[in-house]
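Here the structure comes first, spelled out in structure tokens, and everything after it is commentary.
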Amino acid sequence: MSTSSLANNYKRRNLSFKKGIGSFLYSTKGEKYLDFVQGIAVNSLGHANSYLAKKLKAQANKLWHVSNAFIIPEGEKLAKRLTKFTFADSIIFQNSGAEATEAAIKVARKYFYSINKPNKNRIICIKNSFHGRTIAAINASGSKKMTEGFGPKVPGFDHFEFGNHKKLKKLINKNTAAIMVETVLGEGGIKVIPDWCIKELRKLCDKKGILLILDEVQCGIGRTGNFFAFESAKVKPDIVPIAKGIGGGFPIGAVLMTKKVAKGMIPGSHGSTFGGNPLAMTVGNAVLDQILKKGFLSNVRKLSNYFHVELNKIQKQYPKIIKEVRGKGYLIGLQLFFDQTKFIEELMKNKLLTIRAGENVIRILPPLNVKQNEIDLALKIIRKVCKEYKS
Numbered sequence: 313m314s315t316s317s318l319a320n321n322y323k324r325r326n327l328s329f330k331k332g333i334g335s336f337l338y339s340t341k342g343e344k345y346l347d348f349v350q351g352i353a354v355n356s357l358g359h360a361n362s363y364l365a366k367k368l369k370a371q372a373n374k375l376w377h378v379s380n381a382f383i384i385p386e387g388e389k390l391a392k393r394l395t396k397f398t399f400a401d402s403i404i405f406q407n408s409g410a411e412a413t414e415a416a417i418k419v420a421r422k423y424f425y426s427i428n429k430p431n432k433n434r435i436i437c438i439k440n441s442f443h444g445r446t447i448a449a450i451n452a453s454g455s456k457k458m459t460e461g462f463g464p465k466v467p468g469f470d471h472f473e474f475g476n477h478k479k480l481k482k483l484i485n486k487n488t489a490a491i492m493v494e495t496v497l498g499e500g501g502i503k504v505i506p507d508w509c510i511k512e513l514r515k516l517c518d519k520k521g522i523l524l525i526l527d528e529v530q531c532g533i534g535r536t537g538n539f540f541a542f543e544s545a546k547v548k549p550d551i552v553p554i555a556k557g558i559g560g561g562f563p564i565g566a567v568l569m570t571k572k573v574a575k576g577m578i579p580g581s582h583g584s585t586f587g588g589n590p591l592a593m594t595v596g597n598a599v600l601d602q603i604l605k606k607g608f609l610s611n612v613r614k615l616s617n618y619f620h621v622e623l624n625k626i627q628k629q630y631p632k633i634i635k636e637v638r639g640k641g642y643l644i645g646l647q648l649f650f651d652q653t654k655f656i657e658e659l660m661k662n663k664l665l666t667i668r669a670g671e672n673v674i675r676i677l678p679p680l681n682v683k684q685n686e687i688d689l690a691l692k693i694i695r696k697v698c699k700e701y702k703s
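Our numbering applies: residue 313 is where the sequence shown begins, and numbers increase by one.
Pasting the structure below:
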């Protein structure tokens, strides 16, 4: 293999693929892999979904891109559907999750500026969470590893450890604009914020007159069995950034917001050259066509529950290897008692693709339309690796 001209910012596995179908990938060497990475929770309907491909091809033959200086009917349609189905009143389309969280920060700060409270501009976040790779987003994440070498530190963010409610309350002051958390922490180790805690965050924000931002870039769009992970808590956030699953593999991001906070986003306050273009919006609408079908999300809840039950059986069978089964729906984490690198390699040798997260966690992210026999195949491989594993 010739030397790559790509920068070395990714530690890539020595594996590449020529095609994918549903839950499976086929390598350039002709090997078949069960893909439970799916672009890191991106391919919500699996690889080469025929319905998405059909809609994308039809749009590609008509119109690829126009400026947001004009009305884009496909974007108007997707925004209308999202507002009808969710808490939101307004949408700004972006290209990625990082852009969506960046926009969420801007929306929160601009709202307070618009009501003559410009000093309310600080955002409280969970330390070592993940909100993207832009300069602002890495500082929001509060991760030394991600911010190292990218100084100076961007001001405006305060941090508390996951679950430290006392510290969170102490951080709120006259300059606090919002609390921003992932409803389920992804990179941080598949840690679910409990429904009671989400409810308390909402009450706290209301009491203090600040905004609640729930980052659903990875856990949203059906991944937990509900359209949004926060729905089970029965709360209404102020701002929600989304991406990943809404595009089914096509780059789409968005920030959803209430009418109250959206009023600060006047013409010229924010923009995106490619955000909301006809190709992306067509795919987004096609994804919603599938996910909002009657019975789709209930099937996600049913089969993902089966997956969790069976994984917990494996954990009980191998308690010295698997410490805990984490997550919600198809956002699953297996926390090991040791570094997960070798275990992930062994799974890959057995043709199951997974990916790492923090706290020695193996992330398991099947497509939302995964079949039970494919789940059973994954369980069989995990059990086999546990049985044969030697540290």
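In this text, a Cβ means the ideal position worked out from N, Cα and C, and glycines have one as well.
Buried or exposed by the 16-neighbour rule on C-beta atoms within 10 Å, applied to residue i
i	result
Arg514	buried
Gln647	buried
Ser610	exposed
Tyr322	exposed
Glu686	buried
Phe472	buried
Asp470	buried
Ala317	Strictly speaking, residue 317 in this sequence is Ser, with Ala absent from that position. Flag for Ser317 reads exposed.
Arg325	exposed
Asp527	buried
Val621	exposed
Phe382	exposed
Gln652	buried
Lys367	buried
Gln684	exposed
Ala353	buried
Gly559	buried
Nonlocal neighbours in the same chain, by C-beta distance under 7 Å from residue i, ignoring five residues either side
i	result
Thr446	Ala410 and Glu414
Gln602	Leu357, Tyr363 and Phe608
Arg421	Asn433 and Ala489
Ile633	Leu648, Phe649, Cys698 and Tyr701
Pro467	none
Glu658	Val697 and Tyr701
Asn487	Asn431, Lys432, Asn433 and Arg434
Gly351	Gly561
Gly387	Phe405, Gly588 and Met593
Spatial distance of residue i from residue j (CA atoms)
i	j	result
Arg613	Phe619	10 Å
Asn428	Lys396	31 Å
Met342	Met660	According to the sequence provided, residue 342 is Gly. The question's Met does not apply to it. Gly342 and Met660: Cα-Cα distance of roughly 15 Å.
Ala416	Asp550	10 Å
Gly537	Ile656	25 Å
Pro563	Ala365	14 Å
Leu604	Leu394	11 Å
Tyr423	Phe474	27 Å
Gly639	Phe649	17 Å
Gly534	Asp518	27 Å
Leu524	Val552	9 Å
Gly580	Asn380	11 Å
Val595	Phe405	13 Å
Gly498	Ile438	12 Å
Gly532	Thr315	38 Å
Ile491	Lys465	19 Å
Glu671	Glu512	26 Å
Lys374	Ala598	16 Å
Leu689	Ala319	36 Å
Ser408	Gly561	11 Å
His477	Trp508	12 Å
Asn485	Ser335	48 Å
Lys635	Thr495	22 Å
Cβ-Cβ separation, residue j to residue i (assumed contact under 8 Å), whole Å
i	j	result
Leu691	Ile626	7 Å
Gly500	Phe442	6 Å
Ser402	Lys571	7 Å
Met593	Leu390	5 Å
Val682	Leu615	7 Å
Arg668	Ile502	Wrong, their Cβ atoms sit about 11 Å apart, outside the cutoff.
Leu664	Phe399	The pair is not a contact, with the Cβ atoms about 37 Å apart (cut-off 8 Å).
Ile554	Ala412	6 Å
Gln371	Leu591	6 Å
Val637	Asn624	5 Å
Residues near residue i by beta carbon distance below 6 Å, same chain, minus five either side
i	result
Asn589	His377
Ala360	Gly332 and Ile333
Ser453	Ser441, Phe442 and His443
Gly565	Gln406, Asn407, Ser408, Gly409, Glu411, Ala412 and Ala555
Residues near residue i in its chain [Cβ-Cβ closer than 8 Å; skip 5 each side]
i	result
Ser339	Leu327, Ser328, Phe329, Lys330 and Tyr345
Val573	Val419, Ala420, Tyr423, Leu523, Asp550 and Ile551
Leu680	Ser356, Leu357, Gly534, Arg535, Gly557, Ile603, Phe608, Val612 and Tyr642
Val493	Cys437, Ile438, Ser441, Ile505, Leu513, Ile525, Leu526 and Asp527
8 Å Cβ cutoff, residue i in contact with chain D
i	result
Glu543	Absence of chain D from the displayed structure is noted, only one protein chain being present.
Any non-hydrogen atom of the ligand SAM closer than 7 Å to residue i Cβ
i	result
Leu357	The ligand content of the structure shown is nil, which means the ligand SAM is not present either.
ask   = So does the segment 537-552 actually touch the segment 576-594, counting three or more Cβ pairs closer than 8 Å?
value = The segment 537-552 makes no contact with the segment 576-594: fewer than 3 CB pairs, one atom from each, lie closer than 8 Å.
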